[in-house]
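Participant:
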Amino acid sequence: MSPQDDPTAVLHELLEGLARFGREGTGVTRLAYSDAWCEAQRWLAERARGLGLAATTDAAGNLFFHDPAVVPGAGAPPVLLVGSHLDTVVSGGRYDGACGVVAGLLAAAALRGHGALSAAGFVTCEEEGSRFPSPFMGARSLLGQVEAGELDAVRDGNGVSWRAALDAVRTRGCAALLAPGPRPFPPLFRPARMLELHIEQGPVLEAEGLALGIVTHIAGFRRLRVRLTGEARHAGATPMRLRRDALAAAAEIALAVEAHARALGEPAVATAGFARAEPGLYNVIAGACELGLEVRHVEPGRPAAMAAEVEQLARGVAERRGVALEIVEVSGQDPTTFAAPLVAAAESLAKERGLRFRTMASGAGHDAMVFAHAGVPALVVFVPSRGGISHAPGEYTLPEQLAPGLAFAIELARRVSEEPA
Ligand code: HGY
Ligand code: MN
Ligand code: MN
Numbered sequence: 319m320s321p322q323d324d325p326t327a328v329l330h331e332l333l334e335g336l337a338r339f340g341r342e343g344t345g346v347t348r349l350a351y352s353d354a355w356c357e358a359q360r361w362l363a364e365r366a367r368g369l370g371l372a373a374t375t376d377a378a379g380n381l382f383f384h385d386p387a388v389v390p391g392a393g394a395p396p397v398l399l400v401g402s403h404l405d406t407v408v409s410g411g412r413y414d415g416a417c418g419v420v421a422g423l424l425a426a427a428a429l430r431g432h433g434a435l436s437a438a439g440f441v442t443c444e445e446e447g448s449r450f451p452s453p454f455m456g457a458r459s460l461l462g463q464v465e466a467g468e469l470d471a472v473r474d475g476n477g478v479s480w481r482a483a484l485d486a487v488r489t490r491g492c493a494a495l496l497a498p499g500p501r502p503f504p505p506l507f508r509p510a511r512m513l514e515l516h517i518e519q520g521p522v523l524e525a526e527g528l529a530l531g532i533v534t535h536i537a538g539f540r541r542l543r544v545r546l547t548g549e550a551r552h553a554g555a556t557p558m559r560l561r562r563d564a565l566a567a568a569a570e571i572a573l574a575v576e577a578h579a580r581a582l583g584e585p586a587v588a589t590a591g592f593a594r595a596e597p598g599l600y601n602v603i604a605g606a607c608e609l610g611l612e613v614r615h616v617e618p619g620r621p622a623a624m625a626a627e628v629e630q631l632a633r634g635v636a637e638r639r640g641v642a643l644e645i646v647e648v649s650g651q652d653p654t655t656f657a658a659p660l661v662a663a664a665e666s667l668a669k670e671r672g673l674r675f676r677t678m679a680s681g682a683g684h685d686a687m688v689f690a691h692a693g694v695p696a697l698v699v700f701v702p703s704r705g706g707i708s709h710a711p712g713e714y715t716l717p718e719q720l721a722p723g724l725a726f727a728i729e730l731a732r733r734v735s736e737e738p739a
């Protein structure tokens with residue numbers, strides 16, 4: 319593959335290649351620091367070197383594709399970062415994150431030596447929160463925001479800590495050494511601006527027949543883990559009037575949360591993502607149940623307010639049912655507004671290219687949120703998702719929709735890189 323090749327063919331070849339890592343039928347599961355994740359990261363590094371770029375991994379497992387003349391570290395000049403995340407949800411699609419990763423690789427190759435700002439591609443190690451209950455581990459570590467204590471505090475569902483997961487992949491060359499002291503991830507690059515090409519993951523662009531979405535705002539979210547404790551009893555011998563059924567309480571809470579979001583009206587959304595009953599048997603009334611709730615809203619302050627409203631609803635249900643309730647906020651991110659100059663640059667380029675586009679909010683979260691909150695002018699640009707499906711094996715974007723999106727992202731990166739930091 320060389321930059322002179324047909325970009326559409328190269329794009330397709332890279333997306334197909336990346337989807338091999340963690341493939342499950344038509345979907346992909348590539349959790350942070352898994353074997354598939356590490357093999358994908360090594361494969362991308364090789365592809366970057368094949369394009370004449372340097373490929374450098376940081377201590378968190380974030381990967382960078384950059385001009386070999388730009389030496390990473392404290393003395394590195396400010397750069398334009400273009401990229402997205404490598405991890406996926408469980409049984410996710412082959413475009414979420416991957417699309418932006420490929421755009422970052424091809425932008426770094428196409429813009430090498432161009433502009434006032436060197437364009438570097440990036441691949442964050444973790445964005446989805448599918449393995450570890452901590453938000454945006456990749457973007458936060460890339461920006462040097464993570465403190466050492468989090469490495470031991472953050473654990474996956476099997477009790478494996480972030481530190482242990484990193485130790486395992488470091489032996490395979492998929493992460494660099496941790497820095498001593500309170501900040502284990504010193505930034506390798508100082509982003510002056512950041513761009514992320516991403517699939518929309520919703521129905522709007524396809525419904526309106528548009529080629530591009532220029533994201534102006536991203537919804538914030540709060541994720542709540544609710545633990546309900548009732549009383550495990552015989553499912554056959556216990557009359558209904560004597561039950562304290564933790565799963566039934568969870569079910570009522572899930573429906574109350576859904577009704578609350580509907581009552582608030584769009585763009586409020588609320589989701590009960592899982593309910594894990596214990597012991598989870600036909601003939602035992604659930605004595606306990608773990609319920610995962612998430613609320614999102616694009617207006618400042620609303621995600622936190624919705625989380626408080628949901629907690630109140632849940633406590634009311636638990637009390638009426640004589641079930642104990644514990645609720646913990648496991649992660650969250652505030653709503654994000656993107657830099658007006660980047661939005662304007664994207665709009666004028668789209669008009670210049672005659673692309674049918676709209677500005678829009680994103681219900682889905684993205685690494686770019688963390689950059690924006692860190693004061694780095696950032697922007698997300700969408701290509702359509704077929705049927706609005708994402709976070710599922712049916713996730714798909716037509717090649718004839720991906721190609722103009724990729725070309726647009728590379729040209730936007732070219733223009734943004736021409737503005738000094
Ligand atoms: O959940 C999200 O919004 C993103 O896909 N991580
Ligand atoms: Mn994503
Ligand atoms: Mn996602």
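So the number in our numbering is just where the residue sits in the sequence shown, counting from 1, plus 318.
Every residue, glycine too, gets a C-beta built ideally from N, C-alpha and C.
Start and end of the beta strand (DSSP E) containing Cys-607?
Facilitator: Unbroken beta strand (DSSP E) run through Cys-607: 606 to 615.
Participant: Please report the distance separating the alpha-carbon of Ala-725 from that of Phe-440.
Facilitator: About 18 Å.
Participant: To the nearest angstrom, how far is it from the Cα of Arg-490 to the Cα of Ser-680?
Facilitator: Cα to Cα, Arg-490 sits roughly 36 Å from Ser-680.
Participant: Measure the CB-CB distance between Glu-612 and Arg-545 and report whether it falls below 8 Å.
Facilitator: Their beta carbons are not under 8 Å apart, which means Glu-612 does not touch Arg-545 by this criterion.
Participant: By a C-beta neighbour count over all protein chains shown, 10 Å radius and 16 as the cutoff for buried, is Met-558 buried or exposed?
Facilitator: Exposed, by the Cβ-count rule.
Participant: For Cys-492 and Val-400, what's the separation of their Cα atoms in angstroms?
Facilitator: Cα to Cα, the separation comes out at about 20 Å.
Participant: With a CB to CB cut of under 7 Å and the five nearest residues on each side skipped, what residues in its chain are close to Val-346?
Facilitator: Answer for Val-346: Ala-337, Gly-340, Thr-406, Gly-410, Gly-411 and Arg-412, listed in chain order.
Participant: Would you kindly work out how many angstroms separate the C-alpha atoms of Ser-352 and Ala-577, rounded to a whole number?
Facilitator: Cα-Cα distance, rounded: 37 Å.
Participant: Pick helix, strand or coil for Ser-735, following the three-state DSSP scheme.
Facilitator: In the structure shown, Ser-735 sits in a helix (DSSP, three-state: H, G or I).
Participant: Report whether the distance from the Cβ of Asp-385 to the nearest heavy atom of ligand 2 is below 7 Å.
Facilitator: Not under cutoff, so the answer is no.
Participant: His-330 to Gly-683, Cα distance in whole Å?
Facilitator: Using only the alpha carbons, I get a separation of about 25 Å.
Participant: Could you pull out every unbroken beta strand (DSSP E) segment of at least 3 residues lying fully inside the region 532 to 577, listed in chain order?
Facilitator: Segments of the beta strand (DSSP E) lying fully in the region 532 to 577: 538 to 547.
Participant: Within 10 angstroms of the Cβ of Arg-365, are there 16 or more other Cβ atoms? Answer buried if so, exposed if not.
Facilitator: With 16 or more other Cβ atoms within 10 Å, it is buried.
Participant: Who pairs with Ser-402 in a beta bridge, going by DSSP?
Facilitator: DSSP lists Val-441 as partners of Ser-402.
Participant: Thinking C-beta only, is Arg-511 closer than 8 Å to Leu-660?
Facilitator: The answer is yes: Cβ separation under 8 Å.
Participant: Can you pull every residue whose C-beta falls closer than 5 Å to some heavy atom of ligand 2, listed in chain order?
Facilitator: Selection output, chain order preserved: Asp-414 and Gly-415.
Participant: Kindly list the residues whose CB is nearer than 8 Å to the CB of Leu-362, restricted to its own chain and excluding five residues on each side of it in sequence; keep chain order.
Facilitator: So the qualifying residues of the chain are Leu-336, Ala-373, Leu-381, Phe-383, Leu-404, Val-419, Leu-423 and Val-441.
Participant: So, is Asp-414 buried or exposed, given that buried needs 16 or more other C-beta atoms within 10 angstroms?
Facilitator: Label assigned to Asp-414: buried.
Participant: I think Arg-740 touches Pro-396, with their Cβ atoms under 8 Å apart; what is that distance to the nearest whole Å?
Facilitator: With the chain represented from 319 up to 739, any question about residue 740 goes unanswered, as that position is not in the structure.
Participant: In chain order, what residues place their C-beta within less than 6 Å of a heavy atom belonging to ligand 5?
Facilitator: Among the ligands present in this structure, namely ligand 1, ligand 2 and ligand 3, ligand 5 is not found.
Participant: Any chance the region 468 to 477 sits against the region 386 to 396, with 3 or more Cβ pairs inside 8 Å?
Facilitator: Because the criterion of three Cβ pairs below 8 Å is not met, the region 468 to 477 and the region 386 to 396 do not touch.
Participant: Between Val-407 and ligand 3, is there a pair consisting of the residue's CB and a ligand heavy atom that are separated by less than 7 Å?
Facilitator: Answer for Val-407: yes, Cβ within range of ligand 3.
Participant: So, for Pro-502: in the same chain, excluding its five sequence neighbours on each side, which residues have a beta-carbon less than 7 Å away from its beta-carbon?
Facilitator: For Pro-502, where only same-chain residues beyond five positions count, the Cβ hits under 7 Å are Ala-377, Val-464, Ala-466, Leu-469 and Leu-496.
Participant: Bridge partners of Gly-683, per DSSP?
Facilitator: According to DSSP, which records beta bridges pairwise, Gly-683 is partnered with nothing at all.
Participant: At 4 residues or longer, and completely inside the region 423 to 467: list those alpha helix (DSSP H) runs for me, N to C.
Facilitator: Taking only runs of at least 4 residues, the alpha helix (DSSP H) segments lying wholly in the region 423 to 467 are 455 to 460.
Participant: With distances taken Cα to Cα, identify the nearest neighbour of Arg-449 among Ala-421, Val-408 and Arg-620.
Facilitator: Of Ala-421, Val-408 and Arg-620, the residue nearest in Cα terms is Val-408.
Participant: Could you tell me if Gln-651 is buried or exposed, where buried requires 16 or more neighbouring beta carbons within 10 angstroms of its beta carbon?
Facilitator: Burial call: buried.
Participant: In its own chain, which residues sit with a C-beta less than 6 Å from the C-beta of Val-646, not counting the 5 before and 5 after it?
Facilitator: Correct list, in chain order: Arg-543.
Participant: Determine, using beta carbons only, whether Cys-443 and Gly-456 come nearer to each other than 8 Å.
Facilitator: Cβ atoms of Cys-443 and Gly-456: closer than 8 Å.
Participant: Leaving aside the five residues before and after Ala-586 along the sequence, list all residues of the same chain whose C-beta is less than 6 Å from its C-beta, in chain order.
Facilitator: Cβ neighbours of Ala-586 beyond the five flanking positions: Ala-579 and His-615.
Participant: Tell me whether Glu-596 sits in a helix, a strand or coil according to DSSP, three-state version.
Facilitator: Strand at Glu-596.
Participant: Taking Cβ positions, are Gly-433 and Ser-735 nearer each other than 8 Å?
Facilitator: Contact flag set, yes.
Participant: Let me check you understand the geometry: is the CB of His-535 closer than 7 Å to at least one non-hydrogen atom of ligand 3?
Facilitator: Because no heavy atom of ligand 3 lies under 7 Å away, the Cβ of His-535 does not count as near it: no.
Participant: Please state whether DSSP places Ala-696 in a helix, a strand or coil.
Facilitator: In this structure, Ala-696 counts as strand in the three-state DSSP scheme.
Participant: Within a Cβ cutoff of 6 Å, which residues of the same chain sit near Ser-436, ignoring the five residues on either side of it in sequence?
Facilitator: For Ser-436, where only same-chain residues beyond five positions count, the Cβ hits under 6 Å are Asp-385, Val-388 and Val-397.
Participant: Quick one: what's His-384 bridged to in DSSP?
Facilitator: Its beta-bridge partners are Ala-372.
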